[in-house]
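The opening position of the sequence shown corresponds to residue 1 in this note's numbering, with each subsequent residue numbered one higher. Don't be surprised by glycine CBs; every beta carbon is placed ideally from N, CA and C. None of the values given here were measured: they were computed from a predicted structure. Please read the structure below before turning to the comments.
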Amino acid sequence: MEGLPTTTKGERRWRSKNMQTSSPSLVMAFFSCVAWLYVAGRLWQDAENRKMLSDLLKKNLEQRPKVLTVEDKLMVLGCKDLDKRIAEAEMDLTLAKSQGYLKNHLRQSESFSEKKLLAVIGVYTGFGSYLMRQTFRGSWMPRGDGLKKLEERGIVIRFVIGRSANRGDSLDRNIDEENSKTKDFLILEGHEEAQEELPKKVKFFFSTAVQNWDAEFYVKVEDKIDIDLEGLIGFLEHRRGQDSAYIGCMKSGEVFSEAGKDWYEPDWWKFGDEKSYFRHASGSLFILSKNLVQYIAVNSASLKTYAFDDTSVGSWMMGVQATYIDDNRLCCSSIRQDKLCSLA
């Protein structure tokens with residue numbers, strides 16, 4: 001039997017071992033193939049999802065409204081000419097705020113009126129002006145029931161005064177006592193009554209008055225001025241419904257730059273080489289329509305004051321579309337026979 005191939009015991013062990021080691025390799029290769037197919041499938045699915053999301057986003061962006069530029073918005077709002085429209089926008093803001101968005105101010109119960117008033121007249125006064133107030137109460141300014149009847153006609157008159165630098169002292173107490181009897185004061189709680197604070201007083205007066213009374217006009221009068229009240233009422237009646245009206249005895253004049261002299265203006269250098277004030281109404285008596293007063297009320301914190309209240313108000317009116325109305329009848333020092341005011 002020498003011609004038959006023979007297999008040794010060592011060769012059989014090697015073949016058996018080789019078959020045993022190749023089976024796990026096949027299994028691992030199979031699972032590797034399955035894992036690769038799974039990963040490839042997920043990548044393909046993710047790619048499809050990304051493409052779908054990209055298409056949806058692109059479609060959504062195409063359907064969104066066009067983003068307007070600033071120029072487009074100005075054209076839509078009708079505000080292409082900003083120089084003409086800026087005042088109207090500010091007036092809209094003042095109206096909104098005056099109708100409930102002004103903080104820390106509540107309308108007093110006495111201020112409510114179903115019928116819009118014609119005018120609120122504020123007569124400036126001071127702590128030492130008791131005799132002058134009594135003179136006014138006995139002449140052109142009604143008192144007691146006469147004051148109430150005048151309000152029924154749409155005219156409110158109040159003496160305007162701030163508080164003492166030493167709050168609660170005898171000066172404040174005297175005013176409170178007088179007011180409890182006469183009921184004819186508008187006390188500016190946030191204002192300190194002092195000569196150097198007069199330019200700020202006009203801010204407080206207009207801001208407080210427009211919050212307390214809804215009127216066509218607001219009138220500032222100095223305490224040395226007598227008024228033809230019926231004549232002034234007729235004058236204002238004739239101008240009812242006139243917005244942006246800045247009414248008074250218009251003037252301009254020299255700006256004094258020397259400290260210590262009368263009418264000294266600390267900011268004299270701002271008025272140019274000619275040192276001349278811009279056109280403004282005399283401080284003795286001037287009138288503003290409601291929308292201008294609302295503008296002052298809302299922007300009072302940022303409005304610049306000069307040495308005098310009349311020039312301060314004049315500077316504010318230069319920044320809005322105010323209608324200047326110059327009437328000689330409001331020149332209180334004039335010798336005209338038909339004037340509406342005169343020096344007391």
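- Beta-bridge annotation (DSSP): Val-156 is paired with Val-120.
- A distance below 7 Å between beta-carbons, with the five flanking residues on each side excluded, links Thr-208 to the following residues of its chain, in chain order: Leu-186, Leu-188.
- A distance below 8 Å between beta-carbons, with the five flanking residues on each side excluded, links Lys-290 to the following residues of its chain, in chain order: Val-210, Asp-214, Ala-215, Glu-216, Phe-217, Tyr-218, Asp-243.
- In this structure Gly-253 is not in contact with Arg-279, their Cβ atoms being roughly 10 Å apart against a cut-off of 8 Å.
- Residue state for Ser-32 is assigned as helix, using DSSP reduced to three classes.
- At a Cβ-Cβ threshold of 8 Å, Ile-296 and Lys-203 count as neighbours.
- Of the other Cβ atoms in all chains shown, 16 or more fall within 10 Å of the Cβ of Ser-312; this residue is therefore buried.
- For Lys-251, the enclosing beta strand (DSSP E) starts and ends at 245–251.
- Closest by C-alpha distance to Gly-126, out of Arg-143, Ser-342, Glu-193, is Glu-193.
- Residue pairing by DSSP places Arg-163 opposite Glu-192 in a beta bridge.
- By the C-beta density criterion, Thr-305 is buried, having at least 16 other C-beta atoms within 10 angstroms.
- Of all C-beta pairs linking the segment 223–230 to the segment 317–325, fewer than three are shorter than 8 Å, placing the two stretches out of contact.
- Taking the Cα of Thr-182 as reference, the smallest distance to any Cα among Lys-148, Tyr-124, Asp-226, Gly-190 is reached at Lys-148.
- Its chain contains Arg-329 as the residues whose beta carbon lies nearer than 7 Å to that of Asp-338, once the 5 sequence neighbours on both sides are disregarded; these appear in chain order.
- Counting other Cβ atoms within 10 Å of its Cβ, Tyr-246 reaches 16 or more and is therefore classed as buried.
- The continuous beta strand (DSSP E) containing Lys-220 extends over residues 215–221.
- Bridge partners of Ala-281 according to DSSP: Met-250.
- Cβ contact annotation for Thr-135 (same chain, cutoff 8 Å, sequence separation greater than five): Ala-344, in chain order.
- Cβ contact annotation for Ile-335 (same chain, cutoff 6 Å, sequence separation greater than five): none.
- Here Leu-340 is near Phe-235, since their CB atoms are less than 8 Å apart.
- In the same chain as Ile-287, and ignoring 5 residues on each side of it, the C-beta atoms closer than 6 Å to its own belong to Phe-217, Val-219, Ile-247, in chain order.
- For Asp-309, the enclosing alpha helix (DSSP H) begins and ends at 309–318.
- 8 Å or more divides the Cβ of Leu-303 from the Cβ of Cys-332.
- In this model, Arg-239 and Gly-122 are separated by some 19 Å (Cα to Cα).
- Restricting attention to Leu-198, Glu-222, Glu-178, the CA atom closest to the CA of Ala-307 is found in Leu-198.
- DSSP places Asp-172 in the uninterrupted alpha helix (DSSP H) bounded by 170–182.
- Bounds of any alpha helix (DSSP H) do not take in Tyr-264, whose DSSP letter is neither H nor E.
- Assignment of beta-bridge partners to Phe-185 by DSSP yields Phe-159.
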